Each structure stands twice: as C-alpha cells, then as structure tokens.
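Peer 1: Residue numbers (our numbering): 1 to 570.
Backbone N, C-alpha and C fix where the C-beta goes; we use that ideal spot for every residue, glycine too.
For clarity, every value in this text was computed on a predicted model and none was experimentally measured.
Dumping the structure here so I can ask a few things about it.
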Ligand code: PEP
Ligand code: MG
C-alpha cells in the first residue's frame with residue numbers, strides 16, 4: 001500500500017492522534033459473521049435459526065404486553081406487526097431456502113434476504129410500505145442477536161488494552177457511550193455533525209475528532225496505521241517514517257505547550273468576571289474539571305447511564321452513581337433529568353416510531369408517558385443528595401405547564417422521602433432549560449417559576465434555524481455564528497437582565513473561544529464549558545475589556561449573513 005495517503009474531513013476537536021485503527025460497525029447486520037456451511041450442517045443451522053426465531057417472538061410478545069399496559073393498543077400494534085413479519089411464510093421461507101440451497105449460515109441467509117426485500121420496498125410509491133423496511137430491519141437485528149451475536153461494535157481487538165484510533169461510519173451516541181471504558185487516542189468517521197450529542201461527548205474526551213471523511217471505511221482495515229491531525233481535519237493512512245517523525249515532534253510540542261489554566265473564571269482587562277462551570281457526562285469529566293479548579297458542574301447529562309443497556313438501572317444503582325458524582329465534585333452539580341428521544345435512544349424503552357423524533361416525544365415531553373422512569377430517577381437523585389446542594393435541570397421545556405408539572409413531581413417525591421427521613425431539602429434548586437424558541441418567548445414566566453435558567457444552544461440552534469442538528473449536510477445552517485442565533489441570544493440576555501436569576505449558557509457554543517467573547521459582550525456571565533477548552537476561552541476573554549467585547553457583540557448584531565459575521569473573526 002502506498003504511503004501517506006491523505007483523506008480530508010472536518011475537524012471538530014483538535015489534537016494529534018497516532019496509532020492503529022480499530023473499526024467500529026454499529027449495525028449488527030453489517031458486523032455479523034457470514035460464512036458457508038456444508039450439507040451436513042444444514043439441519044443444525046436451520047434449528048439454530050428456528051430457535052432464534054422463537055426467542056425473538058418471545059421478546060416481541062413481552063414488549064407488546066408492556067407497551068399495551070404503558071401506552072395504548074395503537075402503539076402496541078407496531079410490535080404485533082413485527083410478530084407477524086416473523087410469521088411471514090415468504091420471508092422466513094426464503095431465509096431457510098438460502099441456508100439449505102446456498103449452503104450459507106443463518107446470519108448470511110438473513111442479511112441477503114433482507115437486501116432483496118429492501119430493494120423491493122425501496123421502489124414502492126407508497127411511503128407507508130417503504131417505511132415498513134425499517135421494521136423488517138429492526139426485527140432482523142433482533143434475530144441476529146438471538147443467533148448469539150454479542151455485538152459491541154468493535155471489529156478487532158486493537159482497542160482492547162492498547163490505545164487505538166476508532167474509525168466508524170457514523171459518529172453515534174452508542175459509539176461514544178462504548179468508548180468510555182476503552183483507550184482511544186482519536187476518533188474518525190465518515191459522517192457526523194458537530195453539534196450532535198455524539199460529537200459533544202466525543203469532544204469532551206479531549207482527543208482529536210475528525211468527521212465527514214469520504215470513503216473512510218472502505219480505505220481502512222482493522223490494525224491499519226494512521227495519523228489523525230485534528231487541527232487540519234486530515235487523516236494519513238499508512239504514514240511513512242518521515243511523516244511519523246514530523247508528527248511526533250508536533251505532538252511533543254503540543255504536550256509541552258499545554259499550559260494549565262487553573263481558575264474557574266476569566267477576567268476581562270478591566271476586571272469583569274466570567275464564571276466557568278463544566279459540562280460533564282461521567283465521573284472522569286468531574287475529575288478533569290476539578291483538576292482545573294472548576295468546582296461547579298453546570299450540566300451533567302444523565303442519559304448515558306441509561307443508554308446501551310437492556311434494562312433500566314435500578315434506583316439503588318442510580319443512587320450509587322449519583323452519590324459518587326455529587327460527593328466527587330468540588331462544588332454543586334446540576335443534573336439534567338433524562339433527555340431521551342430525539343437521537344438518544346434507550347433500548348429498554350420501546351418509544352413508538354416517530355416520523356420526526358426531534359420534534360416528538362423527547363425530554364420533558366416523555367415524563368407523563370413514562371412516569372415510573374422519571375419518578376425513579378428523581379427519587380434516586382434526591383436520595384443521593386444527602387446533605388449536599390443539588391440542582392435539577394428540566395430539559396426540552398416548551399410550555400410553563402411542562403416545567404411546573406415536572407417540578408411538582410420533584411417536590412412530591414421530596415415530601416414522600418422526607419416522611420421516611422430519606423431526603424434533605426436544603427440546597428435543592430430546580431432549573432429550566434431554555435432550548436426551544438417557545439421557552440425564549442416565555443422566558444419571563446419560566447424565570448418566575450424556576451430557581452435558575454440554563455440555555456441549551458445546541459437545541460436552540462436546531463429549533464430556531466429549523467435544522468436537524470444531526471444532519472451533517474446542513475452544517476452551515478447550524479453554525480452558531482448565524483446572525484439569527486446571535487440575535488436570539490441577545491434577546492435572552494436583554495430580557496433576563498433585570499430578573500435576578502442565575503443564567504448559565506451550557507450549549508457547545510460557550511466552549512468556542514470567539515463565541516465566548518460574544519457571549520460576554522452580550523451580557524452573559526456564567527458559561528458551562530468543555531473543560532478541554534478552558535485555556536483558550538480564558539485567554540480569549542482576558543485579552544479584552546468588557547467594552548471591547550460589547551462593541552464586538554453589537555457590531556455582529558447589525559450583520560445580516562453568516563459570511564459577514566465570520567469575516568470579523570478571520
Ligand atoms: C443543548 O441543547 O444545548 C444542551 C446543552 O443539551 P444537549 O446537547 O444534551 O441536547
Ligand atoms: Mg438540548
């Protein structure tokens with residue numbers, strides 16, 4: 001193979017990573033082993049397939065019953081339809097035929113049959129029937145799991161024990177959730193969007209991340225040598241000795257130059273303080289914040305405790321995790337209640353298929369659909385709190401009622417636990433996320449109800465610009481420097497100025513040094529950030545007076561296009 005083959009992508013987290021590739025294939029259907037069998041194996045293979053089919057039917061019947069109890073017969077019907085697919089003579093018969101005639105294993109027969117169905121369904125004019133292929137896909141994944149595939153996605157042992165560069169088709173939340181227990185020095189992917197949840201978590205790991213690299217997976221195999229340049233957004237396959245030496249020098253320089261910024265705030269030249277809190281999703285992030293003397297956690301995303309597992313964590317398990325976090329942090333932790341739905345899927349919760357998941361059951365909107373789930377999380381948080389202060393933040397609030405109803409659950413649970421001596425109300429605050437345009441318009445009322453407000457700009461961008469935050473092809477529309485975004489932030493700052501309520505900006509844009517300057521200029525004083533960027537943000541803010549930052553912010557407010565705004569920072 002030729003040396004130094006360069007592939008260009010988009011850098012979303014800087015740094016340099018060097019090492020061997022570990023391929024990640026999320027889809028069990030892609031990853032399943034496919035091989036030929038001999039005639040004497042056919043009977044056993046068919047039996048193996050039939051057993052997996054029976055197990056899958058059993059699972060689907062259980063889900064059907066659970067959904068019937070929790071929701072309604074309309075939602076439950078989806079799973080009944082799935083059972084019917086498993087009984088479809090044509091579909092199942094074709095798989096059995098391939099095992100016995102083509103002499104292939106069950107996984108191979110299933111995947112090849114599915115491909116034929118996909119083609120047939122794709123050309124159908126009616127979208128209802130086109131969409132049914134998703135159901136068939138879903139069921140096929142279940143069957144493959146029941147055929148015994150323990151799929152964690154990683155296709156080789158390269159990342160077990162030794163630091164590896166993980167290469168994936170898509171940067172998904174499941175991939176990132178899987179990486180916490182691994183040693184990873186860089187992430188590269190064919191697809192991904194800079195403000196997707198997965199990208200935010202990947203960036204928080206403080207390693208280089210490059211996405212949108214065309215033909216990445218077809219150019220690589222497990223164990224291939226690569227260099228990832230997270231500054232230039234470039235990946236070099238099979239680097240030669242000279243290039244390796246060049247990047248080793250760069251890496252050394254970076255390590256030596258990584259000055260530590262040991263203050264939980266930045267101060268402008270004329271003495272105005274901008275406080276830093278940290279965004280976190282794991283105990284490791286809390287330790288990292290502490291190492292930089294950032295005491296308060298402005299946003300702890302709790303959903304990752306719930307993802308990639310077959311069962312909801314018990315109240316006891318949650319109490320233990322939350323207690324470690326609350327008592328492990330140096331200051332107050334703001335726990336965001338479960339914000340699932342959208343791109344964060346929890347496998348044990350059978351959310352009905354939604355045509356627009358980001359606009360559907362998500363965040364606070366699911367709490368009355370799954371009351372047990374949120375009650376148990378709140379109980380665990382209040383129990384874990386002990387005598388420490390605790391902030392609970394409610395996500396995806398679009399009406400005052402959603403906020404007050406959720407707050408009521410929190411205080412009802414508190415009263416119940418107090419009676420048994422199990423909760424201390426001192427230092428409990430309930431905050432509201434401002435991340436949907438309706439909440440911006442209701443700011444005054446929500447501030448009247450909440451103890452504090454937290455601005456989630458990732459979703460605010462998504463809903464103000466009407467752009468799916470996960471769609472990599474629309475990155476320009478989700479650029480935080482879009483004039484409409486600066487305007488909406490300015491409005492929030494202006495309308496909250498006299499409210500005497502703590503307001504924190506916790507979305508990703510607060511971690512961008514240039515944007516942090518704009519936020520300070522607009523009047524925000526609390527930024528919850530990705531700790532890896534603290535030096536850069538601190539340096540950017542402290543190089544100016546507040547007047548200069550105000551002038552910068554106001555000049556941008558006059559601009560009508562992204563191009564004009566970006567020119568200011570060239
Ligand atoms: C946001 O939307 O800005 C936010 C902080 O929450 P998340 O990215 O988890 O949706
Ligand atoms: Mg959000």
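Figure out for me which residue from 437, 239, 273 has the closest Cα to the Cα of residue 6.
Peer 2: Closest by C-alpha distance to residue 6, out of 437, 239, 273, is 239.
Peer 1: Identify the residues that DSSP records as bridge partners of residue 16: which are they?
Peer 2: Paired residue(s): 229.
Peer 1: Hey, quick one: how far does the beta strand (DSSP E) through residue 332 stretch, first residue to last?
Peer 2: Looking at the DSSP string, residue 332 is not in any beta strand (DSSP E), and its letter there is neither H nor E.
Peer 1: What number of angstroms, rounded off, separates the C-alpha of residue 52 from the C-alpha of residue 100?
Peer 2: C-alpha separation (whole angstroms): 17 Å.
Peer 1: What are the partner residues of residue 165, as DSSP defines its beta bridges?
Peer 2: 21, 186
Peer 1: Residue 455 lies in the alpha helix (DSSP H); which residues open and close that run?
Peer 2: Counting along the chain, residue 455 falls outside any alpha helix (DSSP H), though it belongs to the beta strand (DSSP E) covering 452-455.
Peer 1: Hey, which unbroken runs of the alpha helix (DSSP H) at 4 residues or more fall wholly within the region 202-268?
Peer 2: If we require 4 residues or more, the alpha helix (DSSP H) runs fully inside the region 202-268 come out as 216-219, 241-257.
Peer 1: For residue 121, report the span of its alpha helix (DSSP H) as first-last.
Peer 2: 106-122
Peer 1: Which complete alpha helix (DSSP H) runs does the region 57-98 hold, if anything under 4 residues is left out?
Peer 2: As far as the region 57-98 is concerned, its whole alpha helix (DSSP H) runs of at least 4 residues are 73-86.
Peer 1: According to the neighbour-count rule (16 or more other Cβ atoms, all chains shown, within 10 Å of its Cβ), is residue 228 buried or exposed?
Peer 2: buried
Peer 1: What three-state label does DSSP hand residue 7 in the structure shown?
Peer 2: strand
Peer 1: So what does DSSP say about residue 487, is it helix, strand or coil?
Peer 2: helix
Peer 1: Let me check you understand the geometry: is the CB of residue 645 closer than 7 Å to at least one non-hydrogen atom of the ligand PEP?
Peer 2: Because the chain is modelled from 1 through 570, residue 645 falls outside the range shown and cannot be assessed.
Peer 1: Thinking C-alpha only, which one of 102, 21, 349, 272 is nearest residue 39?
Peer 2: It is 102.
Peer 1: Would the beta-carbon of residue 365 be found less than 7 Å away from any heavy atom of the ligand PEP?
Peer 2: no
Peer 1: What do you get for residue 291, buried or exposed, if any count of 16 or more other CB atoms within 10 angstroms of its CB means buried?
Peer 2: When all chains shown are included, residue 291 counts as exposed.
Peer 1: Hey, residue 192 and residue 214: beta-carbon distance below 8 Å or not?
Peer 2: no
Peer 1: Tell me the rounded alpha-carbon separation between residue 508 and residue 279.
Peer 2: 9 Å
Peer 1: Thinking C-beta only, is residue 346 closer than 8 Å to residue 300?
Peer 2: no
Peer 1: So, is residue 446 buried or exposed, given that buried needs 16 or more other C-beta atoms within 10 angstroms?
Peer 2: buried
Peer 1: If you measure from the CB of residue 208, is any heavy atom of the ligand MG nearer than 7 Å?
Peer 2: no
Peer 1: Answer yes or no: do residue 520 and residue 566 have a C-beta to C-beta separation smaller than 8 Å?
Peer 2: no
Peer 1: Please work out which residues of its chain come closer than 7 Å, Cβ to Cβ, to residue 413, disregarding the five sequence neighbours upstream and downstream, and give them in chain order.
Peer 2: 375, 378, 379, 382
Peer 1: Going by Cα to Cα distance, which pick from 2, 430, 34 is closest to residue 241?
Peer 2: 2
Peer 1: Please check if any C-beta of chain C sits within less than 8 Å of the C-beta of residue 264.
Peer 2: Any reference to chain C falls outside this structure, which holds one protein chain only.
Peer 1: Residue 168 and residue 186 look like a contact to me (Cβ under 8 Å); what is the Cβ gap, rounded to whole Å?
Peer 2: Separation of the CB atoms of residue 168 and residue 186 is rounded to 12 Å, and the pair is thereby denied contact status at 8 Å.
Peer 1: Starting from residue 495, follow its DSSP beta bridges and name the residues at the other end.
Peer 2: Per DSSP, none; premise fails for residue 495.
Peer 1: Kindly examine the ligand PEP and report whether one of its heavy atoms sits closer than 7 Å to the Cβ of residue 297.
Peer 2: no
Peer 1: Residues in the same chain with beta-carbon distance under 6 Å from residue 459, minus the five sequence neighbours each way, listed in chain order, please.
Peer 2: 435
Peer 1: Following a CB-centred definition, is residue 456 positioned closer than 7 Å to any heavy atom of the ligand SAM?
Peer 2: Of the ligands one can find in the structure shown, namely the ligand PEP and the ligand MG, none is the ligand SAM.
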